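This report concerns only the one structure given below.
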Amino acid sequence: MSHTLGELAKRFGLEAVGNPATAIAGVCTLKPGKPGHLSFLANPRYRAALGATQAAAVVLSRGDAQGFSGNALVAADPYLAFARVAALFDGSLEFQPGRHPSAAVSAAATVPASAHVGAHAAIEDGVVLGEGVFVGPGCVLRTGARVGDGSRLEARVYIGAKVQIGKRARIQPGAVIGSRGFGLARGPQGWEEVPQLGTVVLGDDVEVGANTTVDRGAIEDTVLEDGVKLDNQIQIAHNVRIGKHTAVAACCGIAGSTRIGARCMIGGAVGIAGHLHIADDIVIMARSTVTKSLTAPGAYSGALPVAPAREWRRQVARLRRMHVLERRLAELERRLNITPQGASPEEGETSDDRDDT
Amino acid sequence: MSHTLGELAKRFGLEAVGNPATAIAGVCTLKPGKPGHLSFLANPRYRAALGATQAAAVVLSRGDAQGFSGNALVAADPYLAFARVAALFDGSLEFQPGRHPSAAVSAAATVPASAHVGAHAAIEDGVVLGEGVFVGPGCVLRTGARVGDGSRLEARVYIGAKVQIGKRARIQPGAVIGSRGFGLARGPQGWEEVPQLGTVVLGDDVEVGANTTVDRGAIEDTVLEDGVKLDNQIQIAHNVRIGKHTAVAACCGIAGSTRIGARCMIGGAVGIAGHLHIADDIVIMARSTVTKSLTAPGAYSGALPVAPAREWRRQVARLRRMHVLERRLAELERRLNITPQGASPEEGETSDDRDDT
Amino acid sequence: MSHTLGELAKRFGLEAVGNPATAIAGVCTLKPGKPGHLSFLANPRYRAALGATQAAAVVLSRGDAQGFSGNALVAADPYLAFARVAALFDGSLEFQPGRHPSAAVSAAATVPASAHVGAHAAIEDGVVLGEGVFVGPGCVLRTGARVGDGSRLEARVYIGAKVQIGKRARIQPGAVIGSRGFGLARGPQGWEEVPQLGTVVLGDDVEVGANTTVDRGAIEDTVLEDGVKLDNQIQIAHNVRIGKHTAVAACCGIAGSTRIGARCMIGGAVGIAGHLHIADDIVIMARSTVTKSLTAPGAYSGALPVAPAREWRRQVARLRRMHVLERRLAELERRLNITPQGASPEEGETSDDRDDT
Chain A
3 MSHTLGELAK RFGLEAVGNP ATAIAGVCTL KPGKPGHLSF LANPRYRAAL GATQAAAVVL
63 SRGDAQGFSG NALVAADPYL AFARVAALFD GSLEFQPGRH PSAAVSAAAT VPASAHVGAH
123 AAIEDGVVLG EGVFVGPGCV LRTGARVGDG SRLEARVYIG AKVQIGKRAR IQPGAVIGSR
183 GFGLARGPQG WEEVPQLGTV VLGDDVEVGA NTTVDRGAIE DTVLEDGVKL DNQIQIAHNV
243 RIGKHTAVAA CCGIAGSTRI GARCMIGGAV GIAGHLHIAD DIVIMARSTV TKSLTAPGAY
303 SGALPVAPAR EWRRQVARLR RMHVLERRLA ELERRLNITP QGASPEEGET SDDRDDT
Chain B
3 MSHTLGELAK RFGLEAVGNP ATAIAGVCTL KPGKPGHLSF LANPRYRAAL GATQAAAVVL
63 SRGDAQGFSG NALVAADPYL AFARVAALFD GSLEFQPGRH PSAAVSAAAT VPASAHVGAH
123 AAIEDGVVLG EGVFVGPGCV LRTGARVGDG SRLEARVYIG AKVQIGKRAR IQPGAVIGSR
183 GFGLARGPQG WEEVPQLGTV VLGDDVEVGA NTTVDRGAIE DTVLEDGVKL DNQIQIAHNV
243 RIGKHTAVAA CCGIAGSTRI GARCMIGGAV GIAGHLHIAD DIVIMARSTV TKSLTAPGAY
303 SGALPVAPAR EWRRQVARLR RMHVLERRLA ELERRLNITP QGASPEEGET SDDRDDT
Chain C
3 MSHTLGELAK RFGLEAVGNP ATAIAGVCTL KPGKPGHLSF LANPRYRAAL GATQAAAVVL
63 SRGDAQGFSG NALVAADPYL AFARVAALFD GSLEFQPGRH PSAAVSAAAT VPASAHVGAH
123 AAIEDGVVLG EGVFVGPGCV LRTGARVGDG SRLEARVYIG AKVQIGKRAR IQPGAVIGSR
183 GFGLARGPQG WEEVPQLGTV VLGDDVEVGA NTTVDRGAIE DTVLEDGVKL DNQIQIAHNV
243 RIGKHTAVAA CCGIAGSTRI GARCMIGGAV GIAGHLHIAD DIVIMARSTV TKSLTAPGAY
303 SGALPVAPAR EWRRQVARLR RMHVLERRLA ELERRLNITP QGASPEEGET SDDRDDT
């Protein structure tokens with residue numbers, strides 16, 4: 003599984019610099035690097051490590067290649083080029099077609115010969131798997147679920163009834179797609195269940211992280227469009243819709259019926275309230291809380307950074323007595339006969355109260 | 003599986019308006035609606051959509067029925083009435099009693115003929131299932147666990163040793179009930195495990211969401227009382243007790259030994275510290291952090307909403323220099339010989355410091 | 003399974019006070035206590051309950067033993083001593099060696115006779131289990147995973163390919179160790195996968211909580227050193243490294259390539275950004291957000307506590323108009339010809355802007 007630098011350049015449309023016969027047996031980090039392996043330089047911050055790397059060759063930009071005397075593959079986008087080359091050395095996606103004898107596959111399911119069904123997988127009536135689908139050990143596919151060509155359910159994945167998954171999906175272990183939405187109505191004796199009659203529809207090239215949950219819709223469907231990438235431990239509530247190529251980092255929670263546009267990037271542990279609309283191309287920084295729709299493209303933040311505990315207690319105390327500060331300031335202004343510019347505290351408060359209700 | 007409007011009115015104690023022979027084949031959203039289907043209007047915001055709906059009939063309040071010329075079911079609580087009617091069209095709860103041949107059921111377990119045990123389920127010694135219990139594929143019930151009549155463990159659910167689950171529970175895929183509590187004591191060589199000898203007790207009509215975890219108690223039990231509803235990805239630590247009919251939205255974390263009262267509503271991603279007491283009928287808004295007991299009924303908030311990133315950085319910077327503002331204000335007061343009303347910064351700080359420790 | 007107080011004292015190196023023949027059949031809480039059982043007093047807050055306890059004996063400090071007339075075990079660290087005694091009454095770790103007939107164990111795996119492999123467990127080629135390993139029902143161990151002596155994978159645990167787990171690990175149900183890291187590169191048609199070629203390495207005595215996820219490294223490995231304790235629903239991203247004896251409470255998320263030192267204590271639902279360095283012996287309070295490296299030992303906080311909703315709305319409004327306050331204050335200073343000490347608002351803002359970008 004070794005390749006020469008020249009072969010790699012040709013295969014991926016890159017320019018080889020140095021000795022094209024250099025053998026590449028795998029990939030490595032730039033620092034310290036590893037003889038016989040290929041590394042990359044994408045972030046200018048790490049440029050200083052380039053000179054001392056023990057890597058046999060480095061994928062880098064034309065600019066960084068200037069003055070680098072080692073072997074290199076020059077790429078317009080070094081990280082992307084590296085990712086593609088590295089995939090050559092990734093044996094983890096290979097599998098043997100066929101069914102493990104312990105798998106429970108319904109006779110009323112469609113499982114092509116090119117698919118793999120792992121140990122203790124359960125495939126119920128009416129399930130349809132596409133060509134080359136990998137269903138890892140312990141996966142459960144309920145009645146009528148459909149999985150498109152080339153998709154991979156890694157292991158212990160739950161796919162609920164009638165859920166539709168497009169082509170080339172990557173579903174990580176423990177993911178639950180198609181659990182009941184949290185629909186409740188208050189009855190005279192307590193909460194009553196609101197049936198969740200919709201399902202979940204995933205486009206092509208969707209990734210769903212480990213232990214992430216996607217609830218089925220109440221009446222219509224929960225939808226993840228083509229190219230949506232979800233990290234681990236994300237919660238997607240019923241009737242959410244996420245647009246094409248939006249990426250969501252770990253631990254986010256998106257409440258019911260919210261619609262997120264295309265190409266958004268949502269940082270880790272962001273919470274988005276229900277029934278909102280997030281426009282295309284929005285970036286939301288990690289740990290933010292979104293309680294209103296975001297319509298203007300751009301970056302949004304909302305997390306307070308940590309401080310030494312004693313200092314933090316003071317900040318919290320100060321925040322709580324801001325109204326005292328405002329009162330004292332107003333008193334000073336009164337004595338000096340100054341009419342402040344901008345909204346008065348009282349007005350501001352009232353309007354914000356109304357706004358936030 | 004079609005019903006007439008008149009039949010539905012009779013069955014659910016509602017008033018039919020319009021043509022009682024109207025056939026209803028399922029449910030739909032109000033906008034755009036779907037011919038032959040039933041929708042509902044509960045939120046006055048959507049009243050405008052009523053006139054244009056393609057639904058064959060709409061469940062609504064008497065007030066909203068005024069001036070609506072279409073077919074309708076008039077209900078005191080339209081959402082609740084709709085939920086009950088919709089359940090007629092929900093086939094997802096039906097199952098065949100019996101055991102899948104791949105299930106591993108101990109001879110020392112009690113599994114009535116009316117129960118269903120799915121593919122690759124594991125039921126250990128001493129487990130007792132009630133009548134009509136559904137144990138979906140891949141569920142694990144450890145030694146001595148008990149599950150009450152009519153409960154449903156959807157799939158891949160873990161029920162720990164001796165856990166007790168009441169009647170009509172709904173446990174979603176990936177839920178873990180009865181994992182070890184995080185009890186550690188500092189020993190000379192590092193952390194030592196504190197045995198977690200309690201279990202988990204769930205009352206009747208409890209819902210537990212997908213990938214939610216409920217730890218067993220250290221000495222006594224972790225308890226979810228009747229009618230508690232937990233959404234997905236919630237963490238309930240050891241010895242927590244949650245009172246009747248309290249609903250908790252997704253991604254909340256409740257630390258050890260905290261007691262939550264009855265009929266509370268806890269929004270998404272709320273964090274509640276350990277050893278607190280939350281009174282009955284408390285509402286906690288999403289993303290709040292609770293570090294002290296809440297004894298007065300009412301609504302509590304604590305999340306800062308997102309802002310454009312540049313503006314947010316300024317807000318954070320301002321918060322950090324509030325002490326400068328206070329100092330400048332005090333200097334002005336000194337020059338004008340004003341003694342401010344309210345607690346001085348120094349006093350406020352000291353008392354808050356003490357308070358928060 | 004009953005022990006006398008005298009036996010317990012001898013076995014655990016404690017001093018028995020009172021009647022050494024007192025029979026202890028189990029453990030109980032101090033309040034109300036339980037006849038025939040042993041309790042403990044570690045937190046001085048509960049001292050008042052000591053007199054009224056129904057426990058047959060209490061583990062306590064020498065100081066608390068003064069003036070206590072009941073049976074006692076005197077310990078330098080009562081909680082630690084109690085933990086060790088309580089373990090005598092914990093039958094939950096006992097198991098029969100052997101394989102459940104439904105387990106799918108590769109002929110190319112190494113499973114010693116002392117190990118237990120539960121129902122529907124799947125053990126792939128090249129897996130190596132140490133002596134006395136417990137693999138509970140529904141666990142999946144992928145190709146080449148290794149698990150050290152005395153480790154326990156409770157149930158429904160996922161161990162990815164080549165993952166290495168040390169001795170005496172405790173892995174709770176639903177944990178996923180070795181899922182794909184969330185590595186994506188932007189390509190011309192959308193996100194492209196960056197192969198995750200590293201694995202996960204756990205030292206000895208590591209605990210991983212229920213539904214916690216630990217991603218495999220991109221090139222090198224994700225590492226949890228000896229004695230690391232992770233609670234439930236934690237997300238550890240690729241290439242994170244956590245130092246010896248660090249404990250992390252539930253619901254935390256740690257982003258990629260961050261390194262955390264030894265003996266840290268990280269509270270619940272803390273979020274730590276990627277590529278940071280957290281020094282040894284750092285304490286981070288629950289719900290904090292860490293966006294920069296923390297190099298000075300000590301405690302850090304960052305959560306805003308909840309407030310009544312109306313009051314909270316006012317606090318948020320005040321925070322948003324702090325710039326108005328600053329402007330009004332500056333105007334007063336201008337009129338009184340005062341030059342404020344400390345950074346001016348404009349300077350502060352600029353420097354913080356730069357800092358946070």
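Residue numbers (the working numbering), protein chains in the order written: chain A, 3 to 359; chain B, 3 to 359; chain C, 3 to 359. Yeah, the Cβ is synthetic: ideal placement off N, Cα and C, and Gly gets one too. Since we're looking at a predicted model, the values are computed, not measured.
With distances taken from CA atoms, which of the options is nearest residue i?
i                : options                                : result
Pro139 (chain B) : B:Ala220, B:Val129, B:Glu156           : B:Glu156
Ala401 (chain C) : C:Thr260, C:Pro80, C:Leu82, C:Val61    : In the structure as shown, chain C starts at 3 and stops at 359, and residue 401 (chain C) therefore has no counterpart that could be examined.
Trp193 (chain B) : C:Ile161, C:Thr215, C:Leu226, C:Leu82  : C:Leu82
Val119 (chain A) : A:Asp127, A:Gly128, A:Gln98, A:Ala109  : A:Gln98
Val178 (chain B) : B:Phe184, B:Arg188, B:Arg322, B:Val210 : B:Val210
Glu227 (chain C) : C:Ile244, C:Asp233, C:Ala281, C:Gln235 : C:Ile244
Ala123 (chain B) : B:Ala105, B:Arg336, B:Ser116, B:Ala115 : B:Ala105
Pro80 (chain B)  : B:Leu62, B:Asp223, B:Gly205            : B:Leu62
Arg86 (chain B)  : A:Ile340, A:Ser71, A:Val149, A:Leu186  : A:Leu186
Lys33 (chain B)  : A:Leu204, A:Val29, A:Ile221            : A:Ile221
Considering residue i, what are the terminal residues of the alpha helix (DSSP H) in which it resides?
i                : result
Glu313 (chain A) : 311 to 322
Tyr302 (chain B) : First-last for Tyr302 (chain B): 300 to 303, but that is the beta strand (DSSP E), not the alpha helix (DSSP H).
Arg64 (chain C)  : 64 to 67
Gly8 (chain C)   : 7 to 14
Arg86 (chain C)  : 80 to 89
At the 9 Å Cβ level, is residue i part of the contact set with chain A, yes or no?
i                : result
Cys253 (chain B) : yes
Ser104 (chain C) : yes
Thr297 (chain C) : no
Thr215 (chain C) : yes
Hey, residue i and residue j: beta-carbon distance below 9 Å or not?
i                : j                : result
Gly200 (chain C) : Gly219 (chain C) : yes
Thr112 (chain A) : Leu143 (chain A) : no
Ala271 (chain C) : Gly255 (chain B) : yes
Glu126 (chain A) : Ser108 (chain A) : yes
Ala301 (chain C) : Ala288 (chain C) : no
Check whether the Cβ of residue i lies closer than 9 Å to any Cβ atom in chain B.
i                : result
Glu333 (chain A) : yes
Leu306 (chain A) : yes
Pro22 (chain C)  : no
Glu9 (chain C)   : no
Can a CB atom of chain C be found closer than 9 Å to the CB of residue i?
i                : result
Met267 (chain B) : no
Ser353 (chain B) : Any reading at Ser353 (chain B) needs caution, since the residue's pLDDT is 37, under 50, leaving its predicted position unreliable; the model's value is listed next. No, no contact with chain C.
Ser346 (chain B) : No answer about Ser346 (chain B) holds up, because its pLDDT of 48 lies below 50 and its placement is not dependable.
Ile340 (chain B) : no
What are the start and end residues of the beta strand (DSSP E) that includes residue i?
i                : result
Leu186 (chain A) : 186 to 189
Gly180 (chain B) : 178 to 181
Phe42 (chain B)  : 39 to 42
Leu226 (chain A) : 224 to 226
Asp217 (chain B) : 215 to 217
Val135 (chain A) : Per DSSP, Val135 (chain A) belongs to no beta strand (DSSP E) and is neither H nor E.
Ala18 (chain B)  : 17 to 19
Gly53 (chain A)  : Gly53 (chain A) -> no beta strand (DSSP E), and no H or E assigned at all.
Residues of the stretch 29 to 48 of chain A with Cβ closer than 7 Å to any Cβ of chain C, in chain order: Taking a C-beta cut-off of 7 Å against chain C, the contacting residues of the stretch 29 to 48 of chain A are Val29, Cys30, Thr31, listed in chain order.
Determine which residues of the stretch 169 to 203 of chain A have a Cβ less than 8 Å from any Cβ of chain C, and write them out in chain order. Of all residues in the stretch 169 to 203 of chain A, Arg172, Gln174, Pro175, Gly176 have a Cβ within less than 8 Å of some Cβ in chain C.
Determine which residues of the stretch 279 to 303 of chain C have a Cβ less than 9 Å from any Cβ of chain A, and write them out in chain order. Listed by position, the residues of the stretch 279 to 303 of chain C near chain A (Cβ gap below 9 Å) are Val285, Ile286, Met287, Ser290, Thr291, Val292, Thr293, Lys294, Leu296, Ala298, Gly300, Ala301, Tyr302, Ser303.
Just by C-beta distance, which residues in the stretch 121 to 149 of chain B are closer than 9 Å to chain A? Close to chain A, meaning a Cβ-Cβ distance shorter than 9 Å, are the following residues of the stretch 121 to 149 of chain B: Ala121, His122, Gly138, Pro139, Gly140.
Residues in the stretch 147 to 167 of chain A with C-beta within 9 Å of chain C's C-beta atoms, listed in sequence order? Within the stretch 147 to 167 of chain A, contact with chain C at the beta-carbon level (separation under 9 Å) is assigned to Glu156, Ala157, Arg158.
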